[in-house]
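Colleague: Residue numbers (our numbering): 4 to 232.
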Amino acid sequence: MRRTFILIAFTAFSLWAFSAFSISPLPENIGEGEKTETIDILFVGDSITDNWDNTLENLEVWDKYFGSYRVLNIAVGGHSTAQCLKRIDCRETQGISPRVIVLMIGTNDVGYLQMAPETAIEGNRKILQKLRARWPEARILHLAVFPSDPKDPTPQSPRRQRILKVNEALPAMADGEKIIFLNIHDLFIDENGLMCRETHPDLVHPNADGYEIWGKALAPVIRELLGVK
């Protein structure tokens, strides 16, 4: 009886999850490489972006802000800038033409990999160059790296200091036309510079409340870039 119940519950959950993940339908020919299909938004990044549409509690926020668009999220948890650079050529991106690309990457370079900020800076530069070469008509919304440090929520955290150095260098990569820089880093800290566990329980990844803040900040910019009123 217990095994039957589990099977039924799993089947019901699978159907619900499939429906939830089908909120923003993608072109049927993605990955075929035979035709070019326009999508509205391509998200590129690490787990902070990846978790937005693959974690059940965050899907409601994702649908609220992006459910009306044709969206592809190719972010992968744990990716560094070097891995992200290769990810751009993944099977899922074959045959698509994004109108807007949202990029945030670098947390893992200066985080658990403990690389110098210069590595993440140069990695971001190479990714932007590749995105521009791959999709020259797309507009890129380049985001500052969010604050994170699972061991230290204070602004004196060495990891957070490295993130700030990365963010200081990113605006110079924007041209205001094809590459637009957006810094919402400070939305995730309080008046004393402390990270908020209410939005980042592990001090790295946003929860639904954190994604709500992010979505609310992104929505008007994306509408403007897409020409949506």
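The beta carbon of each residue, even a glycine, is placed where N, CA and C say it ideally should be.
Given this structure, state the Cα-to-Cα distance separating arginine 94 from leucine 228, to the nearest angstrom.
Modeller: Taking the straight line joining both Cα atoms gives about 26 Å.
Colleague: In the structure shown, what three-state DSSP assignment does threonine 122 receive?
Modeller: Of the three classes helix, strand and coil, the one that applies to threonine 122 here is helix, per DSSP.
Colleague: As a quick exercise: from Gly126, Gln159, Arg165, pick the residue whose alpha carbon is nearest that of threonine 84.
Modeller: Of the listed residues, the one whose Cα sits closest to threonine 84 is Gly126.
Colleague: From threonine 202 to tryptophan 217, what does the alpha carbon distance come to, in whole angstroms?
Modeller: So the two alpha carbons sit approximately 10 Å from each other.
Colleague: Comparing C-alpha positions only, which one of Ser100, Ile124, Trp138 sits nearest to leucine 167?
Modeller: The shortest Cα separation from leucine 167 among Ser100, Ile124, Trp138 belongs to Ile124.
Colleague: Rounded to a whole number of angstroms, what is the C-alpha to C-alpha distance between lysine 219 and leucine 131?
Modeller: In a straight line, the C-alpha of lysine 219 is about 24 Å away from that of leucine 131.
Colleague: Would you say glycine 109 and valine 47 are within 8 Å of each other, going by their C-beta atoms?
Modeller: No, they are not a contact pair.
Colleague: Which first and last residues belong to the beta strand (DSSP E) in which serine 100 is found?
Modeller: Here the beta strand (DSSP E) through serine 100 covers 99-107.
Colleague: To the nearest angstrom, how far is it from the Cα of threonine 52 to the Cα of valine 79?
Modeller: Rounded to the nearest angstrom, the two C-alpha atoms are 8 Å apart.
Colleague: Mark tyrosine 115 as exposed unless 16 or more other C-beta atoms lie within 10 angstroms of its C-beta, in which case mark it buried.
Modeller: Result: exposed.
Colleague: Report buried or exposed for serine 27, applying the criterion of at least 16 other Cβ atoms within 10 angstroms of its Cβ.
Modeller: Bear in mind that a pLDDT of 38 at serine 27, under 50, signals an unreliable position, so the number given afterwards is only what the model happens to contain. With 16 or more other Cβ atoms within 10 Å, it is buried.
Colleague: Closest to threonine 58 by C-alpha separation, out of Asp43, Asn76, Pro101, would be which residue?
Modeller: The shortest C-alpha separation from threonine 58 is found at Asn76.
Colleague: Please tell me whether glycine 196 and threonine 157 are closer than 8 Å, where the distance is taken between their beta carbons.
Modeller: Result yes, Cβ atoms of glycine 196 and threonine 157 sit closer than 8 Å.
Colleague: Let me confirm a value: alanine 147 is counted as buried when at least 16 other C-beta atoms fall within 10 Å, else exposed. Which label applies?
Modeller: Buried is the call here.
Colleague: Please return the same chain residues whose Cβ sits closer than 6 Å to the Cβ of arginine 163, not counting the five positions on each side in sequence.
Modeller: So the list reads Pro150, Asp152, once near-sequence residues are dropped.
Colleague: Can you find the residues in the same chain that come closer than 7 Å, C-beta to C-beta, to proline 120, ignoring five residues on each side of it along the sequence?
Modeller: Cβ within range, chain order: Val113, Arg165, Lys168, Val169.
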